[in-house]
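Below you'll find the structure, written out as structure tokens, and then a few comments.
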Amino acid sequence: MVQEKVKYAICLPDSLTSPLINEIRNNESIFYAQATHESDCVGVSTGLNITNNLSVVIMENSGIRNACETIARFHLSHALYNIYLISFRGNFGERNWWGQAHSTTMQPLLDLLRFRYVFIDDIKDFKKVFKDAVNDFQARQSSVAIILKPNVLKNINNDK
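Quick note: to get our numbering, add 16 to the position in the sequence shown (first position is 1).
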């Protein structure tokens with residue numbers, strides 16, 4: 017993310033994103049800000065991006081539901097977009113009853129809110145996909161989301 021000149025990471029952490037967030041917090045080139053609600057992440061990131069301070073939103077996939085009103089207003093009414101790094105919870109085999117709905121609702125909402133998105137299964141793909149996401153974002157036509165599967169997040173610290 018540093019290579020793509022990201023200056024800020026606005027996050028609502030969850031247990032899956034903790035390896036990514038730890039990497040960001042240990043990197044002095046990216047300012048880490050933790051929010052109390054996903055819509056706050058979206059609002060802060062949008063404000064930074066419209067002032068040409070490249071930022072990313074980091075949250076769990078249930079955050080799309082939680083921030084739906086804010087995202088809809090920014091995307092559909094004002095054409096204001098963000099880059100999202102989203103942990104993917106609720107995949108087939110999810111043991112937590114509360115996690116399964118995260119997966120069921122995520123893609124329909126991303127489509128409805130006109131996101132461009134991609135799933136990453138391997139940490140080795142992150143740098144290229146992130147560069148592509150920044151390029152897409154800079155076209156200012158939609159928000160972009162990189163959906164990080166659990167095995168990707170677990171291997172973040174192993175990719176050195």
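Just so it is clear, CB atoms sit at the ideal spot from N, CA and C, and this is done for glycine as well.
Among residues of its own chain, excluding the 5 on either side of residue i, which ones have a beta-carbon nearer than 7 Å to its beta-carbon?
i: N65; result: S71 and N98
i: K144; result: none
i: I139; result: V168, N171, I172 and D175
i: F153; result: Y97, I99 and V160
If you compare alpha carbons, which of the options is closest to residue i?
i: S11; options: R89, I163, K170 and N167; result: There is simply no residue 11 to check, as the chain begins at 17 and stops at 176 in what is shown.
i: T33; options: R130, I102 and F131; result: I102
i: N167; options: K21, L36, Q19 and V18; result: L36
i: V134; options: G63, K21, E20 and A161; result: A161
i: L92; options: L126, T120, G106 and E110; result: L126
i: I136; options: R130, F146 and Q50; result: F146
If the criterion is Cβ atoms closer than 9 Å, does the pair residue i and residue j meet it?
i: Y48; j: V73; result: no
i: M122; j: F142; result: no
i: K165; j: N107; result: yes
How is residue i classed by DSSP in three states: helix, strand or coil?
i: M122; result: helix
i: T157; result: Per the sequence shown, residue 157 should be read as Gln rather than Thr. Q157 falls in the coil class under three-state DSSP.
i: Q50; result: strand
Beta-carbon within less than 6 Å of residue i's beta-carbon, same chain only, minus the 5 sequence neighbours each way: which residues are those?
i: N82; result: E54
At a cut of 8 Å, does the region 52 to 60 reach the region 24 to 31 through at least three beta carbon pairs?
yes
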